[in-house]
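Number of protein chains: 2
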Amino acid sequence: MAERRTPSRERIVAGAADMISRRGLSATSIREMAKHAKAPLGSTYHYFPEGKQQLATEAVRYTGEWVARSLRKELESGPVEGLRAFLALWRKIVVESDFHAGCPVLAVAVEEPPADEVPPALAAAADVFAQWETLLAASLREHGAEAEQAAQLATLVVAAVEGTVAMCRAKRSAQPLDDTAEQLRALVVGAIKR
Amino acid sequence: MAERRTPSRERIVAGAADMISRRGLSATSIREMAKHAKAPLGSTYHYFPEGKQQLATEAVRYTGEWVARSLRKELESGPVEGLRAFLALWRKIVVESDFHAGCPVLAVAVEEPPADEVPPALAAAADVFAQWETLLAASLREHGAEAEQAAQLATLVVAAVEGTVAMCRAKRSAQPLDDTAEQLRALVVGAIKR
DNA sequence: GGTAGACTATGACGGCCGTTATAGCCAGAG
DNA sequence: CTCTGGCTATAACGGCCGTCATAGTCTACC
């Protein structure tokens, strides 16, 4: 019934992820997300009854899963290849959007939780980061890296890539991504060959 | 006349930087910034006639200079000590705000420039990143690192710290900062001892 | 053919946004 | 004392925000 084929719902989520990655969460209105996905405003509240927070949460998870899929596949060729693909993926997004788009997960992570509760979208962002780190760390361990070193390095890689993507947008240049790519590559090579 | 002593103006800028680092630029209203600095709304438009963009730009520059001062001082004891202080500075902000505050420069970098122009606040963010990198790279070179290596490593450090700070907020944990700290430290030590 | 339920269309609600205008205050210079 | 000019107070402007309600439409199954 509801899940037969609803390309509209997924289009909204994907579009929301794209817009959030460009403008940030609070600068992206539900009306704009609907229009961007060529969906009526009423539909967004039909598919996402909990409103903006739910849509943001799903956008984060959508991006997380999309990147994780690519990561899993490329890591089959080893950590170095996985890292290369991870960096290439973000480089493509940044460059092809003419330095307008970035990572929606980071965009959501950079907004204050109201008072003392943790909004679901922020929790989803934490999960996505952890997921990417887990994938990288596992591959590193499988290729000979010591456990703690693998975990730390995985964290560094994810954080560095996120930070570098944002930096590239500010500088309107892909140079930072190429610089950190080289540094991280050497680091990964050193970590698995010992 | 205007610059004799106007603590009010600086209070507004400092408060704006803090609020932007928590909620992001577009989620922070001028009214709130004024109230947070206990200044009347009219005063913000008196001190910053170009409105929100100008205030954001000054907040970014203010933070940039503040961090650069600390960085310059600590780098006198060498790159390793400078890196340690850099990380400690952000760790303090993140932890003491109970994972609510981050870096206002990153917050500004993560908002889409409208159409094809570059807002001054975004340009300021790029400048601040470059400034921090320059300081680190110079210190690395002075301590024996090769020029290109120094530049790349400096970029990695700044980007990684920015990304890690955001990650800590999402995870509500300082662990990522401690992890990347260790990795970066080893990297810096290796780069200057050769 | 009828009926249920997924989706859409439309419009309204109060509220906050950035910005501007205008008039008033009040210290310090002459 | 007067007057100037930095600063404040107050109110208003149009506009977009998130959300909700209600009445439709249309499709798929009985």
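Sequences listed follow chains A and B, in order.
With the numbering used here as the guide, the letters of the first sequence map in order to residues 1 to 194.
With the numbering used here as the guide, the letters of the second sequence map in order to residues 195 to 388.
Even for Gly, the Cβ is constructed at its ideal location relative to N, Cα and C.
Nothing here was measured: the structure is a model prediction, and the numbers come from that model.
Over what stretch of residues does the alpha helix (DSSP H) that includes Asp-212/B continue unbroken? On the second sequence, residue 212/B is found 18 positions in, with the first residue counted as 1. It spans 201-217 - the alpha helix (DSSP H) in which Asp-212/B sits, taken as one unbroken run.
Secondary structure of Phe-86/A, DSSP reduced to three states: Locating residue 86/A in the first sequence gives position 86, counting from the first residue. Reduced to three states, the DSSP call for Phe-86/A is helix.
Over what stretch of residues does the alpha helix (DSSP H) that includes Ala-320/B continue unbroken? In the second sequence, the residue the question calls residue 320/B occupies position 126. Residues 314-336.
Buried or exposed for Ala-17/A, please, with buried defined as at least 16 other CB atoms from any protein chain shown within 10 angstroms of its CB. Looking up residue 17/A in the first sequence gives position 17. Label assigned to Ala-17/A: buried.
With DSSP collapsed to three states, give me the class of Val-110/A. Translated into positions along the first sequence, residue 110/A becomes position 110. It is coil, neither helix nor strand.
Indicate whether at least one CB of chain A lies closer than 8 Å to the CB of Gly-209/B. On the second sequence, position 15 is the one that residue 209/B refers to. No, no contact with chain A.
Helix, strand or coil at Gln-369/B according to DSSP, with G and I counted as helix: Here the question's residue 369/B lines up with position 175 in the second sequence. Residue state, collapsed to three classes: helix.
Taking buried to mean at least 16 other C-beta atoms within 10 Å of its own C-beta, is Ser-333/B buried or exposed? Position 139 of the second sequence, counted from the start, is the residue given in the question as residue 333/B. Buried, since its Cβ has 16 or more Cβ neighbours within 10 Å.
Any Cβ of chain B within less than 8 Å of the Cβ of Met-1/A? Counted from its first residue, the first sequence places residue 1/A at position 1. Legend: pLDDT at Met-1/A = 37, less than 50; position of this residue unreliable, no value from coordinates given.
If contacts are defined as beta-carbon pairs under 8 Å, then Leu-350/B and Asp-179/A qualify, I think. What distance do you get, rounded to the angstrom? Here residue 350/B refers to the residue found at position 156 of the second sequence. Here residue 179/A refers to the residue found at position 179 of the first sequence. Indeed they touch by this definition, with Cβ atoms about 7 Å apart.
For Ser-223/B, the nearest candidate out of His-240/B, Ser-202/B, Arg-205/B, Gly-245/B (CA to CA): Start at 1 with the first residue of the second sequence, and residue 223/B comes out as number 29. If we check each option's Cα against that of Ser-223/B, Gly-245/B comes out closest.
Selection from Arg-216/B, Val-322/B, Val-274/B, Ala-303/B that minimises the alpha carbon distance to Ala-338/B: Sequence index remark: in the second sequence, residue 338/B carries index 144 (1-based). Residue identity check: residue 338/B is Gly in the sequence provided, not Ala. Closest option to Gly-338/B, Cα to Cα, is Val-274/B.
Mind listing the chain B neighbours of Ser-26/A? Cutoff is C-beta to C-beta under 7 Å, in chain order. Position 26 of the first sequence holds residue 26/A. In chain order: Gly-218, Ser-220, Ala-221.
Since Leu-153/A meets chain B, which of its residues come closer than 7 Å, beta carbon to beta carbon? Taking the first residue of the first sequence as position 1, residue 153/A is located at position 153. Chain B residues near Leu-153/A: Gln-377.
Residue interval of the alpha helix (DSSP H) (run including Ser-264/B): Locating residue 264/B in the second sequence gives position 70, where the first residue counts as 1. Note, Ser-264/B: alpha helix (DSSP H), 246-269.
When the Cα atoms are used, what is the spatial distance from Ala-354/B to Glu-162/A? Along the second sequence, read from residue 1 onward, the residue named residue 354/B stands at position 160. Along the first sequence, read from residue 1 onward, the residue named residue 162/A stands at position 162. Those two C-alpha atoms are separated by around 8 Å.
Contact with chain A by Ala-319/B, beta-carbon distance below 8 Å: By one-based count along the second sequence, residue 319/B stands at place 125. Yes, Ala-319/B lies at the interface with chain A (some Cβ there is under 8 Å from its Cβ).
Any beta-carbon of chain B closer than 8 Å to the one on Thr-180/A? On the first sequence, residue 180/A is found 180 positions in, with the first residue counted as 1. So yes, Thr-180/A belongs to the interface.
Going by DSSP in three states, Ala-150/A sits in which element: helix, strand or coil? For the purposes of this step, residue 150/A is taken as residue 150 along the first sequence, with counting starting at 1. In this structure, Ala-150/A counts as helix in the three-state DSSP scheme.
Looking only at C-alpha atoms, which of Glu-290/B, Trp-284/B, Leu-249/B sits nearest to Arg-205/B? Taking the first residue of the second sequence as position 1, residue 205/B is located at position 11. That would be Leu-249/B, whose Cα lies nearest to the Cα of Arg-205/B.
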